[in-house]
Amino acid sequence: MIEQILFYTLAALALVAAIVVIAQRSPIYSAFALIVVLCSLSGIFAILGSPFIAVIQIVVYAGAIMVLFLFVLMLLNVQKEADDPGGSKPLRTAAAALAAVFAAQVGLVIARARFASGPEQYEASTRKVAELLFSPTFLYVFEATSILILAALVGAIVLAKRDL
Amino acid sequence: MTGSLVQHAVLLSVVLFTLGALGVFLRRNVITIFMCIELMLNAVNLAFVAFSRSLGTFDGQVLVFFVMTVAAAEAAVGLAIVIALHRHRDTLDVDSFNLLKW
Amino acid sequence: MSPLIQELIEKALVVGIVTHGLLIVFSFCTLIERRVLAFMQFRLGPNRTGPQGILQPFADGIKLFFKEEFIPAGANKPLFILAPAVAVATAFMSTAIVTYGGALTVPAFGFLPEWLQGRVIELQIADLEVGILYLFALSSLGVYGIVMAGWASNNKYALIGGLRSSAQMFSYELALGLSWVPVILVTSSFRLPEIVAGQAGWFWNWNCFVVFPAFLVYLVAGTAEANRTPFDLPEAETELVAGFHTEYSSMKFALLQMAEYVNMITISALGVNMFLGGWNTGLPFLPPTAAYGLVGFFTFAAKVAGFLFFFFWLRGTLPRFRYDQLMHFGWKVLVPVAAVFILVTAGVLAALA
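Protein chains in written order, with the working numbering: chain A, 1 to 164; chain B, 1001 to 1102; chain C, 2001 to 2353.
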């Protein structure tokens, strides 16, 4: 029962904050709203039985990626977007309509689908996730991500540095 | 009981994904667009976790782990590009980055 | 009474004691810090309010309470008000995972209800499976209070303070997290009670001797995480007036200070738990469970006091880093040292296994 209440509260919070993210003209407000979305999603992950992912969500997304975003926003002193919306109005309306159609279609499919409730006792503890992560199934992918991160590291420095 | 929870989690994920996509279409600030992409990635993460709960396996969790790694790498490179763009154009409006437009 | 209610009462008791205990320790930390600094600089420090200035924290509190609440004209009002709240909330939330000494046994006093007599109370609010990862997550959220305060103030010094703090905490958090990994490898658990239990016996079993380089990295990164001298660049008073809290006054200022001190206390308590043997006395013939667990509690308290004194001592001794030196040190010294030591620890453990 408590789970349900918490879940729907967090879901409502995430929805409202997500709307704020896309409705705000000021990017700083968008960033803070996105942090709220990430934190409430982390809570939902915990409710769905994944404490490890919930914590990693906060550490990586809210703690690292969003700090980076805020840092860049403050560094560049980004102003509000101009009042007149860019692009042509019909195109924007079409985009909104397309998004609504997409949401309605997929939502309808999911609403009709029947999901297995899964095992009664489900706790994706850190040890179990780690055992799967370092099992032969995912080990090479894991190693590939480390190369990806190295490439991103070098790429970010090359792009952002004025002169090497 | 948990089944409906999973279903609602996936529904939430769809709505968040759509909102993120809408933000990419509607906003003009590069960084806001970037944040909307992060929102979409998070919506997908939520779907992964919910399906993982529904199937009783841990593969979804591992995939979320990978998505986060890629998102972190993407954010680092993307923000570096944003800084480089801002240095050249002194604006973050996507409409002004049209040098390669025909 | 049903066991659930009993447990709820017990937890509420622990939460209340921990929160209020932290507030008391925070208020006296401010006094003791000033006295210690004064002693190191051949001054007297605040000694007028009550015997040895013992009532100074209360006087400060009353003074701050009656000061004018000031919000600058160009400030972003909602975020300006939200910032101290975020700072305090994350600071207090992160204290939930820390153990404050081992289990206490309630003595069988007659006036206590039957179920409470002889009950063993763990001095920890929540024993999560993810353990210290939770603390890591919350300490990374703590930076938002400072960044928000700096940005919302509409003041260039505050903004620079916020910028510096986001970059600094971002960099040193990495080293902090890496310094925990050897301990986690040695204990193979994220949970603090198990980490402490792994350091029982003689004091050379403590992790600060077992994984000494990690302890050094933790000391440096922890100091930077708590924004203490020599890493207090976000509020460097000689350069930035007061950094991110330049525009804050009255209770909002008090809340920001509180968050900072609570973070410092958390870092100290965590360091004691992870590296200094927690509530273990280090002498096998003096078990921490002796005297209803009070031995363990006071051992822990003494160690935390020592840790806090170390922070005060640093402030009285060291000059502030320059910003580029700070970044250089964080990324080119601390992180590589911590990373290499993880490899060494893992290698030794694999060889021993």
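We treat Cβ as the ideally placed atom computed from N, Cα and C, and that holds for glycine.
A quick note: this is a predicted structure, and the numbers were derived from the prediction, not measured.
Please return the same chain residues whose Cβ sits closer than 6 Å to the Cβ of residue i, not counting the five positions on each side in sequence.
i       : result
C/F2300 : G2101 and W2279
C/S2153 : A2075 and E2247
C/A2290 : none
C/F2297 : G2101
Are the CB atoms of residue j and residue i within a distance shorter than 8 Å?
i       : j       : result
C/V2304 : C/V2272 : yes
C/N2207 : C/F2215 : yes
A/G165  : B/G1056 : Because chain A spans 1 through 164 in this model, residue 165 of chain A falls outside it and cannot be assessed.
B/A1009 : A/I44   : yes
C/P2230 : C/Q2124 : no
B/N1042 : A/L70   : no
C/L2138 : C/T2090 : yes
C/Q2041 : C/G2316 : yes
C/G2142 : C/G2150 : no
C/M2148 : C/A2083 : yes
C/L2133 : C/F2190 : yes
C/A2338 : C/A2224 : no
B/V1030 : B/L1085 : yes
B/F981  : A/A151  : Limits of chain B in this structure are 1001 at one end and 1102 at the other, which puts residue 981 of chain B out of reach.
C/A2302 : C/V2098 : no
B/A1071 : A/I65   : yes
A/S40   : A/A54   : no
C/G2277 : C/F2212 : no
A/S30   : B/T1032 : yes
C/R2228 : C/F2311 : yes
B/L1022 : A/A11   : no
B/L1092 : A/F7    : no
B/F1066 : A/V141  : yes
Give every residue of the same chain whose Cβ lies closer than 7 Å to the Cβ of residue i, excluding the five residues on either side of it in the sequence, and list them in chain order.
i       : result
C/L2055 : T2049
C/W2313 : none
C/L2185 : T2345, A2346 and L2349
A/L73   : P27, I28 and A31
C/S2140 : E2173
B/A1075 : none
Which residues share a DSSP beta bridge with residue i?
i       : result
B/D1093 : B/N1029
C/L2104 : C/I2121
Cα separation between residue i and residue j?
i       : j       : result
B/V1077 : B/E1038 : 14 Å
B/R1103 : C/I2032 : Only positions 1001 to 1102 of chain B appear in the structure, and residue 1103 of chain B is not among them; the question remains open.
C/R2322 : A/L75   : 19 Å
C/W2180 : C/E2235 : 27 Å
B/Q1007 : A/Q121  : 18 Å
B/N1045 : A/I56   : 12 Å
A/T9    : A/L15   : 10 Å
C/V2130 : A/T126  : 7 Å
C/Q2257 : B/V1015 : 40 Å
B/L1079 : C/A2221 : 26 Å
A/A160  : C/K2156 : 24 Å
C/L2255 : C/Y2144 : 14 Å
C/V2210 : C/F2092 : 30 Å
C/I2146 : C/I2024 : 23 Å
A/I22   : B/M1040 : 12 Å
A/R112  : B/R1028 : 36 Å
A/G155  : C/L2343 : 26 Å
A/N77   : A/V67   : 15 Å
C/R2036 : C/S2002 : Sequence check: residue 2036 of chain C is Val here, not Arg. Rounded to the nearest angstrom, the two C-alpha atoms are 49 Å apart.
Can you list, in chain order, the residues of its chain whose CB lies under 8 Å from that of residue i, leaving out five sequence neighbours each side?
i       : result
B/Q1061 : F1048, V1049 and S1052
C/L2064 : S2250, M2251, F2253 and A2254
C/V2183 : I2195, N2207, V2211, A2214, M2274 and F2275
Which bits of chain B does residue i rub up against, with CB to CB less than 8 Å?
i      : result
A/V78  : N1029, I1031 and L1092
A/P119 : G1056
A/I110 : Q1007, V1010, L1011 and V1014
Show which residues of chain A have a CB atom less than 8 Å away from the CB atom of residue i.
i       : result
B/V1070 : T145 and L148
C/L2359 : Residue 2359 of chain C lies beyond the stretch modelled for chain C, which goes from 2001 to 2353, so this question has no answer here.
How would you list, in chain order, the residues of chain B whose beta-carbon sits under 7 Å from the beta-carbon of residue i?
i      : result
A/G107 : L1011 and V1014
A/Y122 : R1053 and G1056
For a contact defined as C-beta to C-beta under 7 Å, what are the partners of residue i on chain A?
i       : result
C/V2143 : V67
B/M1035 : V21, S30, A31, L34 and F69
C/G2162 : M74
Report the neighbours of residue i on chain C: residues whose CB is nearer than 8 Å to its CB, in chain order.
i      : result
A/I35  : Y2144
A/A156 : Chain C residues near A/A156: none, gap ~13 Å exceeds 8 Å.
So which residues of chain C does residue i contact, with C-beta pairs closer than 7 Å?
i     : result
A/I28 : W2151
In chain B, which residues lie with their C-beta within 9 Å of the C-beta of residue i?
i      : result
A/I44  : A1009, L1012, L1046, V1049 and A1050
A/L132 : T1057, F1058, D1059, Q1061 and V1062
A/A97  : Under the 9 Å cutoff, chain B gives no residues; its nearest Cβ is about 10 Å from A/A97.
Using a cut-off of 9 Å between C-beta atoms, extract the partners of residue i located in chain C.
i     : result
A/A62 : A2137, S2140, L2141 and Y2144
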